[in-house]
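Chemist: Got a structure here, written out as structure tokens. Questions coming.
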Amino acid sequence: NAGVTQTPKFQVLKTGQSMTLQCAQDMNHEYMSWYRQDPGMGLRLIHYSVGAGITDQGEVPNGYNVSRSTTEDFPLRLLSAAPSQTSVYFCASSYPSNTEAFFGQGTRLTVV
Amino acid sequence: KQEVTQIPAALSVPEGENLVLNCSFTDSAIYNLQWFRQDPGKGLTSLLLIQSSQREQTSGRLNASLDKSSGRSTLYIAASQPGDSATYLCAVGGGGADGLTFGKGTHLIIQP
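Below, the structure written as structure tokens:
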């Protein structure tokens with residue numbers, strides 16, 4: 001009964017480093033998405049995918065890359081980390097996009 | 001662009017009280033509305049999902065209503081308990097693939 005699993009839970013990066021945030025779901029959901037949560041801003045959509053091989057940009061996509069090679073996995077890549085990317089990142093899935101969304105436990109990222 | 005507002009931003013009440021959290025949205029052309037609970041340092045837990053054709057949904061001590069024409073939803077919590085202390089988030093789905101639009105949340109504290 002795993003649901004949506006995100007790894008790692010915490011990460012500290014230096015400016016300019018790259019890394020991948022992992023997200024996996026075991027509910028056979030078509031739709032997956034990434035959000036970032038910042039104080040006073042609410043959650044904002046970064047990228048989303050409506051199925052394997054299909055991705056698109058959300059509200060704040062700059063500096064992030066995604067791919068969807070399988071139904072289960074939707075990794076988020078930071079190409080060259082910046083302090084402005086310090087945030088809590090949440091992955092979500094649903095079947096399809098307009099049904100109940102399930103969220104992972106989040107990754108707290110600090111860029112120094 | 002859809003905007004979601006939650007009032008109040010913070011609320012502190014004694015245990016046992018019934019309370020109402022408010023959510024308003026600017027574009028009434030929504031597909032669904034979802035209420036989440038977020039505990040400190042944790043992910044989002046789905047509480048209730050209301051489709052645009054529905055007026056309300058109930059789960060235990062929680063009742064959520066939706067008035068699409070006026071752009072409002074309320075979350076009613078009956079007989080509040082200290083374990084209800086958390087941040088409550090309202091999110092609106094437009095029916096498309098571009099995810100949910102979130103409010104900034106109501107931080108609720110139930111005093112024992």
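Chains as they are written, first to last, in this note's numbering: chain H, 1 to 112; chain R, 1 to 112. Positions of the beta carbon are idealized from the N, C-alpha and C atoms, including for glycine. Bear in mind the structure is a predicted one, so any value in this text is a computation, not a measurement.
#1: Once the 5 residues before and after residue 21(H) are set aside, which same chain residues still bring their CB inside 6 angstroms of it?
#2: With a CB to CB cut of under 6 angstroms and the five nearest residues on each side skipped, what residues in its chain are close to residue 100(R)?
#3: Could you round the C-beta distance between residue 33(R) and residue 7(R) to whole angstroms and report it? I think they count as a contact, below 8 angstroms.
#4: Anything in the segment 24-44 of chain R with a Cβ closer than 7 angstroms to a Cβ of chain H? List those residues in chain order, please.
#5: Could you pull the start and end residues of the beta strand (DSSP E) that residue 26(H) belongs to?
#6: For a contact defined as C-beta to C-beta under 7 angstroms, what are the partners of residue 68(R) on chain H?
#7: Which residues in chain R sit within 8 angstroms of residue 45(H), going by Cβ to Cβ distance?
#8: Across the segment 19-36 of chain H and the segment 70-84 of chain H, are there enough close Cβ pairs to call them in contact, namely three or more that are closer than 8 angstroms?
#9: Mind checking residue 87(R): buried by the 16 CB within 10 Å criterion, or exposed?
Modeler: On the basis of the data shown:
#1: By 1-based counting over the first sequence, the position of residue 21(H) is 21. Here the set comprises 76, 89, 107.
#2: As a position in the second sequence, residue 100(R) is number 100, starting the count at 1. Same-chain partners within the cutoff: 91, 93.
#3: Counting from 1 along the second sequence, the entry for residue 33(R) is found at position 33. Counting from 1 along the second sequence, the entry for residue 7(R) is found at position 7. Residue 33(R) to residue 7(R), Cβ: 15 angstroms. No contact.
#4: 31, 32, 34, 42, 43, 44
#5: Stepping through the first sequence from its first residue, residue 26(H) is reached at position 26. No beta strand (DSSP E) contains residue 26(H), which DSSP labels as neither H nor E.
#6: Here residue 68(R) is taken as the residue at index 68 of the second sequence, counted from 1. Those within 7 angstroms of residue 68(R) in chain H number zero; the least Cβ separation is about 15 angstroms.
#7: As a position in the first sequence, residue 45(H) is number 45, starting the count at 1. Going along chain R in sequence order, the residues near residue 45(H) (Cβ under 8 angstroms) are 98, 99, 100.
#8: yes
#9: As a position in the second sequence, residue 87(R) is number 87, starting the count at 1. Residue 87(R) is buried by the Cβ-count criterion.
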